[in-house]
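Enquirer: First, the structure itself, so that you have it in front of you.
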Amino acid sequence: MRWLLPTTSGAEAVDIIRTQEPDVVLLDILIPDVTGMDVLDRVRSFSMVPTIAFTAKADIAQFALKNGADDYIAKPFDPDQLIQKY
76 MRWLLPTTSG AEAVDIIRTQ EPDVVLLDIL IPDVTGMDVL DRVRSFSMVP
126 TIAFTAKADI AQFALKNGAD DYIAKPFDPD QLIQKY
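Every number in my numbering is 75 more than the matching position in the sequence shown, counting from 1.
Structure, rendered in structure tokens:
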């Protein structure tokens, strides 16, 4: 991993992913300005960057997987879980 590029804005996330070409995207499905699913859809229109969705709802996790997410982690989670899994 090169560096972290955090944001709380879906629109900004899309711009960051487009311009910075990250190695992986950690995407919370519940973000303020647009849904994480909208972000995922926009990102998939120009990139196949590996994307891990965070959600507390199993049905949304399955929807995310069917619509382009590579994996998901159920919230709440321990950051060590992310490190161990990947």
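Note that the Cβ used here is the ideal one computed from N, Cα and C, for glycine as well.
1) Am I right that Asp-113 and Gly-143 are in contact with their C-beta atoms under 8 Å? What's the rounded C-beta distance?
2) Going by DSSP, name the residue or residues bridged to Tyr-147.
3) Near Phe-152, what residues of its chain come up, given a Cβ to Cβ distance below 8 Å and the 5 sequence neighbours on each side ignored?
4) On the three-state DSSP scale, how would you describe Leu-101?
5) Which residue comes first and which comes last in the alpha helix (DSSP H) that contains Asp-113?
6) Can you tell me which of the three DSSP states Thr-83 falls into?
Expert: In short, the structure shows the following:
1) One-based indexing of the sequence shown puts residue 113 at position 38. One-based indexing of the sequence shown puts residue 143 at position 68. Rounded, the Cβ-Cβ distance is 11 Å, inconsistent with contact.
2) To locate residue 147, count along the sequence shown from 1; it is residue 72. Answer is Ala-128, bridged to Tyr-147.
3) Translated into positions along the sequence shown, residue 152 becomes position 77. Excluding residues within five positions, the ones whose Cβ falls inside 8 Å are Phe-129.
4) For this step, residue 101 is matched to residue 26 along the sequence shown. Correct three-state label for Leu-101: strand.
5) What you label residue 113 is simply residue 38 of the sequence shown in a count that begins at 1. Run containing Asp-113: 111 to 119, per the alpha helix (DSSP H) assignment.
6) For the purposes of this step, residue 83 is taken as the residue at position 8 of the sequence shown. If DSSP states are grouped into helix, strand and coil, Thr-83 belongs with coil.
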